[in-house]
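All remarks here apply to the structure that follows.
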Amino acid sequence: MAPASPPGPGPGPAGGRRLLVAGLIALLLGLGLFDEAVFAALGRLWHPGGGAAAAVPGLTTHGWPVAISYRLLYAGLNVALLHLLLGGRYTKAAALGFAGGYAAGAGLLWLGQRAGLPVAALTGHRVLDVLSSPLPVMFAYPLALLAGPRAAPPGTEKS
Numbered sequence: 066m067a068p069a070s071p072p073g074p075g076p077g078p079a080g081g082r083r084l085l086v087a088g089l090i091a092l093l094l095g096l097g098l099f100d101e102a103v104f105a106a107l108g109r110l111w112h113p114g115g116g117a118a119a120a121v122p123g124l125t126t127h128g129w130p131v132a133i134s135y136r137l138l139y140a141g142l143n144v145a146l147l148h149l150l151l152g153g154r155y156t157k158a159a160a161l162g163f164a165g166g167y168a169a170g171a172g173l174l175w176l177g178q179r180a181g182l183p184v185a186a187l188t189g190h191r192v193l194d195v196l197s198s199p200l201p202v203m204f205a206y207p208l209a210l211l212a213g214p215r216a217a218p219p220g221t222e223k224s
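Here the numbering used here runs 65 ahead of the position in the sequence shown, where the first position is 1.
What follows is the structure, encoded as structure tokens:
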């Protein structure tokens, strides 16, 4: 009689999911650690002829397309990681939260630049920087676990 296989991740779907989660975490950390290389690569993607991106003083030093694509890349990876970690729960809320946070950060940044309010501009920068880091996942994941599973909508319970 063959011995039973030890419990653990194994090659099944749970093991593949864990590998994907580990890969997304590595990508997020890599984006943060090597941000200048990522900005340079995005700059070459958006400006293939080697032309320099038009910096907007006080707003972006890499140009709008590069800055926006970096933020969207980070938000997409964060939402994908939360989607995997939470088994699909709260994915829409996470995406809407990132969209609202980026809109608020950009609005504060714009307001601070236009109205001459350095505190608003700095706060907008900080909001955008926090959203473009692993911090949202580090806070949202445990909070979602504390909230527990969502209840099924009325009329869809299994009998």
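Beta carbons: idealized from backbone N, C-alpha and C, even for Gly.
Model, not experiment: these values are computed from the prediction.
Please name the residue, chosen from the options, that lies closest to residue i on a Cα-to-Cα basis.
i	options	result
A158	G172, G88, A205, V131	A205
D194	A180, G177, Y135	Y135
T125	R83, A79, A186	A186
Using three-state DSSP, classify residue i as helix, strand or coil.
i	result
T126	coil
D214	Here the sequence assigns Pro to residue 214, which means Asp is not the residue at that position. Coil.
Y139	helix
G81	helix
R154	coil
F163	helix
F204	helix
Excluding five sequence neighbours on each side, which residues of the same chain lie with their C-beta closer than 8 Å to the C-beta of residue i?
i	result
L89	L142, A145, L146, L149
V184	G177
Taking 6 Å as the limit between beta carbons, can you name the residues of its chain near residue i, skipping five residues before and five after?
i	result
L93	L142, P199
Leaving out five residues before and five after residue i in sequence, what residues of the same chain have Cβ atoms less than 7 Å from its Cβ?
i	result
P230	The requested residue 230 is not part of the displayed model; the chain covers only 66 to 224.
G170	G189, V192, L193, L196
Given 8 Å as the limit, tell me if residue i has its C-beta closer than that to any heavy atom belonging to the ligand GDP.
i	result
V192	In the structure shown, the ligand GDP is absent, as is every other ligand, since no ligand is present at all.
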